[in-house]
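Everything on this sheet refers to the single structure shown next.
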Amino acid sequence: MTDEQAIGRRRKANLLAKSHKYKSSSRNQRLLDWSIFITNISEDMVNAEHIMIIYRARWQIELLFKLYKSHAKIENLKGRSKPARVLCELYGKLCSVLIFHGLSNCVELANDREISLTKAFIELQKRSRKLFLSITGRLNDLKQFLKKLIIDWGRFSLKDKYRKTRLSSLNTLKLLTIMA
Numbered sequence: 009m010t011d012e013q014a015i016g017r018r019r020k021a022n023l024l025a026k027s028h029k030y031k032s033s034s035r036n037q038r039l040l041d042w043s044i045f046i047t048n049i050s051e052d053m054v055n056a057e058h059i060m061i062i063y064r065a066r067w068q069i070e071l072l073f074k075l076y077k078s079h080a081k082i083e084n085l086k087g088r089s090k091p092a093r094v095l096c097e098l099y100g101k102l103c104s105v106l107i108f109h110g111l112s113n114c115v116e117l118a119n120d121r122e123i124s125l126t127k128a129f130i131e132l133q134k135r136s137r138k139l140f141l142s143i144t145g146r147l148n149d150l151k152q153f154l155k156k157l158i159i160d161w162g163r164f165s166l167k168d169k170y171r172k173t174r175l176s177s178l179n180t181l182k183l184l185t186i187m188a
């Protein structure tokens, strides 16, 4: 880990300690210099920096599943007694998540900004009735709805600027594909 990363960790730990009205111990401060990963990959195959990138990507995937569980309610299935209904409902929810990600990739952003998937998902939930009505209506209604949604996502569903302290999840995943 670089000195800059360790300093950032210490700063964050000190702010957390201060907000909870305690002081971070010197032992805790020393431990913040370390990142320990246990793996069975030999060191000549992958270096520590790549393992850190892979771990961050894995964590981002975990956060995506948390988003799906909390907002798409993937774990809440209604037809538990009929396996066919459970599969249909689960496939429907997973398809909607894929469509959501496809739509979120259509957002044009300036100045290297990124869309917050959580904010975008919440915004889509607020408009779910309009989405349903536009799907059941004419094709032009659906096009207009999606066009307005994508424009609004680009304006109101951006990640906060203060979080620009490290590579974003999207850029981390792009970096992983380049390394492969």
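One point on numbering: in this note's numbering, the residue at position 6 of the sequence shown is 14, and numbering is uninterrupted.
Beta carbons: idealized from backbone N, C-alpha and C, even for Gly.
- Per the coordinates, the alpha-carbon of L85 lies some 7 Å from the alpha-carbon of E97.
- Here the alpha carbons of E131 and S165 stand approximately 8 Å from one another.
- Counting along the chain, the unbroken alpha helix (DSSP H) around M60 starts and ends at A56 to L75.
- Closest in alpha carbon position to T126, among L24, A21, E57 and A80, is A80.
- For I46, the closest of Y30, L147, Y63 and S33 by C-alpha to C-alpha distance is Y63.
- For L166, the secondary structure class from DSSP, reduced to helix, strand or coil, is strand.
- Here F153 has K138, L139 and S142 as same chain residues with Cβ atoms under 7 Å from its own Cβ, once five neighbours each way along the sequence are excluded.
- In the three-state DSSP reduction, I159 falls in the helix class (H, G or I).
- Counting the other Cβ atoms within 10 Å of the Cβ of L39 gives fewer than 16, which makes it exposed.
- For the pair of segments examined, the stretch 48-64 was found not to touch the stretch 15-33: the number of CB pairs separated by less than 8 Å stays below three.
- The bridge partners DSSP lists for I44 come to none.
- Counting of Cβ neighbours within 10 angstroms places W67 among the exposed residues, the total staying below 16.
- The residue among A56, A128, K134 and I59 with its C-alpha nearest the C-alpha of H109 is A128.
- For N36, the uninterrupted alpha helix (DSSP H) run begins and ends at S34 to L39, by DSSP.
- By the neighbour-count definition (other C-beta atoms within 10 Å, threshold 16), I44 is an exposed residue.
- In this structure, the alpha-carbon of E83 lies about 42 Å from that of S34.
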